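Engineer: The opening position of the sequence shown corresponds to residue 20 in my numbering, with each subsequent residue numbered one higher. The beta-carbon is built from N, C-alpha and C at its ideal position, and this holds for glycine as well. The model shown is predicted, which means the values in this text are computed figures rather than measured ones. Dumping the structure here so I can ask a few things about it.
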Amino acid sequence: MATPIDIEHLRTWIGKTEVHHDTLPPTPAAALAAALDREDSPGPGDALPPLWHWIYFLLPLRQSQLGVDGHPKRGGFLPPVPLPRRMWAGGRFEFHRPLYLGAPATRVSRIADVAYKEGRSGPLVFVQVRHEISDDAGLAIAEDQDIVYREAPRPGEPAAVPKQAPSEFAWRREIRPDPVLLFRYSALTFNGHRIHYDHPYATQVEGYPGLVVHGPLIATLLVDLLRRNVTDAVVSRFSFRAVSPLFDTGPFHIYGKPAGDGKTVRLWAGARDGRLAMEASAELAAAA
20 MATPIDIEHL RTWIGKTEVH HDTLPPTPAA ALAAALDRED SPGPGDALPP LWHWIYFLLP
80 LRQSQLGVDG HPKRGGFLPP VPLPRRMWAG GRFEFHRPLY LGAPATRVSR IADVAYKEGR
140 SGPLVFVQVR HEISDDAGLA IAEDQDIVYR EAPRPGEPAA VPKQAPSEFA WRREIRPDPV
200 LLFRYSALTF NGHRIHYDHP YATQVEGYPG LVVHGPLIAT LLVDLLRRNV TDAVVSRFSF
260 RAVSPLFDTG PFHIYGKPAG DGKTVRLWAG ARDGRLAMEA SAELAAAA
């Protein structure tokens, strides 16, 4: 039986806003650099690399405010969508200028849209969240985050035909998403979602073949691949779309290929069976 969706009620969340302040201490950035296996690490006063803002502006909810899946109970800032699976489907970013470690900043978040669609596997609810991060000098980062809610797969439901990853690339790096990496990233982002670190829950309750690799971690690794290969790159825009999940059941690869225009880079992640897991695009600022 399909889950009833009162989309008009859920849409009353549009416009809901929350504000978070942070002093951007350097220790979390040093910890993320270690988790990404980087030899360098930003320190006090240094610019925060693109997407590393995800380890800041964290909401320290009490344990009693979490749901059974480890996420915040529904109906607070995010609408109470009555579908069991929640996934970060993608996002778009404008980097106006860097944030600096040790400089206080503020993130204002707003529910921009709530929409219902009927997918191949049942109802889907999409929630778009707009984040704007500013410091004393003004707006630094604008982010549009896409969250999708869906039903759990039905027993015997045929899997979708996977999209294959591109075969031509300029850069490639192997990633081994063991439970330690996933745990460390969950800890750095204060992400209690159990699919990333609780193997019995991920496999027996939500039906995944293993622990799920965080979408934001994959996106961060893609930008990190760009930074490893274009060391002076200044990212002005970035977008990503999750295509299919990755698990801790084996290694995957991340890839990059600069475009001929000299300012656009195509990035993607591919599973070891060749299917596309995430696709992304970065736009580089012109050299000063």
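Sorted by chain position, which residues of the same chain lie with C-beta nearer than 6 Å to S255's C-beta, five sequence neighbours on each side aside?
Structural biologist: Here the set comprises F114, E302 and A304.
Engineer: Please report the distance separating the alpha-carbon of F271 from that of G229.
Structural biologist: For F271 and G229, the distance between alpha carbons rounds to 14 Å.
Engineer: Which residues mark the beginning and the end of the beta strand (DSSP E) in which G109 is found?
Structural biologist: Unbroken beta strand (DSSP E) run through G109: R104 to F114.
Engineer: Are the segment 91 to 99 and the segment 260 to 267 touching by the rule of at least three beta carbon pairs closer than 8 Å?
Structural biologist: Result no; under three Cβ-Cβ pairs closer than 8 Å.
Engineer: Are S258 and A299 touching if we call contact CB-CB under 8 Å?
Structural biologist: Yes.
Engineer: Answer yes or no: do T42 and P123 have a C-beta to C-beta separation smaller than 8 Å?
Structural biologist: Yes.
Engineer: Counting pairs of beta carbons, one from the segment 157 to 170 and one from the segment 240 to 250, are three or more of them closer than 8 Å?
Structural biologist: No, the segment 157 to 170 does not touch the segment 240 to 250.
Engineer: Determine, using beta-carbon pairs with one atom in the segment 21 to 41 and one in the segment 186 to 199, whether at least three such pairs fall under 8 Å.
Structural biologist: Because the criterion of three Cβ pairs below 8 Å is not met, the segment 21 to 41 and the segment 186 to 199 do not touch.
Engineer: According to DSSP, simplified to helix, strand and coil, what is L67?
Structural biologist: L67 falls in the coil class under three-state DSSP.
Engineer: Helix, strand or coil for L158 per DSSP?
Structural biologist: Three-state result, L158: strand.
Engineer: Taking the beta carbon of R139 as the centre, do at least 16 other beta carbons fall within 10 Å, making it buried, or is it exposed?
Structural biologist: Its Cβ having fewer than 16 others within 10 Å, R139 is exposed.
Engineer: Please return the same chain residues whose Cβ sits closer than 7 Å to the Cβ of D88, not counting the five positions on each side in sequence.
Structural biologist: So the list reads H212 and R213, once near-sequence residues are dropped.
Engineer: For F112, count neighbouring C-beta atoms within 10 Å of its own C-beta (all shown protein chains included) and say buried if the count is 16 or more, exposed if not.
Structural biologist: Classification for F112: buried.
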